[in-house]
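Heads up, the final residue of the sequence shown is numbered 924 in the numbering used here, and it's a clean run with no missing numbers.
A virtual CB, placed ideally from N, CA and C, is assigned to each residue, including glycine.
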Amino acid sequence: MHRIFIAFAAATVLFSYCSDRKSKNTEESPIKFTSLSPSQTNITFDNKITEDDSVNLIYNAYAYMGSGVGIGDFNNDGLQDVFFGANQESCKLYLNKGNLSFEDITEKAGLNTSSWVTGVSIVDINADGFDDIYLCVSYYG
């Protein structure tokens with residue numbers, strides 16, 4: 784009997800959240816995001832994958848999974864900078880110059896990569912007050 788009551792209560796709660804009620808907020812929300820062109824932002828990153836006999840979905844199901852994006856204030860200027868992980872290209876670090884304009888500082892920062900990056904994490908691991916970039920890298924070949 785106890786199990787029947789619990790199942791009935793769970794079903795009641797589930798179905799009450801699945802009703803066809805209209806949202807109380809019927810006004811249109813203002814636009815939250817606007818697409819900006821590379822000419823406006825100076826971000827030209829493109830994680831291109833070039834297929835060949837060894838790089839394709841038949842031999843590697845993860846070939847098109849991308850590699851991640853990390854957002855952090857890498858120079859402590861109060862602006863959020865952007866790090867793009869890449870697979871067959873070099874990763875890119877873009878410094879925020881304000882007004883959503885960025886500068887590619889990958890070479891200046893010594894961050895050119897040649898590995899197949901599968902993930903990006905941002906954390907101040909050494910507690911020096913600066914965000915650190917950690918990459919997950921896998922062998923591909």
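Spatially closest choice to residue i from the options, by CA coordinates
i	options	result
Ser898	Asp911, Lys875 and Asn879	Lys875
Asn882	Thr889, Glu872 and Leu862	Leu862
Asn870	Lys880, Ser904, Cys919 and Asn879	Cys919
Phe913	Ile888, Thr817, Asp860 and Glu810	Asp860
Asn879	Phe816, Ile832, Ser837 and Gly855	Gly855
Asp915	Gly853, Thr889 and Val900	Gly853
Gly902	Phe866, Ser884, Phe885 and Tyr842	Phe866
Lys831	Val900, Tyr917, Leu819 and Ile908	Val900
Ile826	Glu872, Ile905 and Glu886	Glu886
Collapsed DSSP secondary structure at residue i in the structure displayed
i	result
Ser884	strand
Cys919	strand
Ser837	coil
Pro813	coil
Gln823	helix
Phe913	coil
Residues bridged to residue i [DSSP beta-bridge criterion]
i	result
Phe866	Gly853 and Leu876
Tyr842	Answer by DSSP bridge pairing: none, since Tyr842 is not bridged.
Quick one: complete beta strand (DSSP E) runs, 3+ long, within the stretch 887-911? Counting whole runs of 3 or more residues, the stretch 887-911 contains the beta strand (DSSP E) stretches 899-906.
Below 8 Å, can you find three or more Cβ-Cβ pairs linking the stretch 840-849 to the stretch 883-897? no
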